[in-house]
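I have placed the structure first, in the form of structure tokens, so that the comments after it can refer back to it.
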Amino acid sequence: MASSRSEANGESSRKPKLVFFWNNADVMKWLKRHAEEYYGLYGHLFLEHEITGRSLVRMNDVTLQRIGIKNGEHRDHISRIILKLKLKCDILEMKDLESKNI
429 MASSRSEANG ESSRKPKLVF FWNNADVMKW LKRHAEEYYG LYGHLFLEHE ITGRSLVRMN
489 DVTLQRIGIK NGEHRDHISR IILKLKLKCD ILEMKDLESK NI
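Our numbering numbers the first residue of the sequence shown as 429 and each following residue consecutively.
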């Protein structure tokens with residue numbers, strides 16, 4: 429019933445794919461959208477290392493350096509963008525749990 433109500437309001441009842449299930453193409457879309465200034469510089473590294481959503485949310489300064497991002501300021505900025513993604517995912521998961529009264 430709830431899905432037909434949201435469809436009537438023009439909202440899609442389909443939830444976006446959870447980051448945990450992102451493939452490399454999903455990560456590349458996210459990188460281009462949220463870190464466009466680094467997409468051209470480092471996108472090939474995310475492709476070469478086949479970074480998925482699961483690995484993306486586990487990345488930190490050390491892993492960014494290991495995949496080839498040498499500039500510390502760039503690593504810091506990318507780390508902050510990844511952290512925002514993690515927080516957004518956590519908030520959505522908490523809201524989902526609240527709505528299910530868990």
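Glycine residues also receive a C-beta, built at the ideal position from the N, C-alpha and C atoms.
As the structure is a computational prediction, the values presented were derived from the model and not from experiment.
Minimum Cα-Cα distance from L475 among the listed residues E501, E465, K460 corresponds to K460.
Taking the CA atoms as reference points, I509 sits about 26 Å from E526. Judged by DSSP secondary structure, R461 falls within the alpha helix (DSSP H) whose first and last residues are 452-462. Residue environment analysis places M522 among the exposed positions, since fewer than 16 neighbouring C-beta atoms fall within 10 angstroms of its C-beta.
Shortest Cα-Cα distance from F448 to any of Y467, K514, K528 involves K514.
In the three-state reduction of the DSSP assignment, G468 falls in the helix class, which pools H, G and I.
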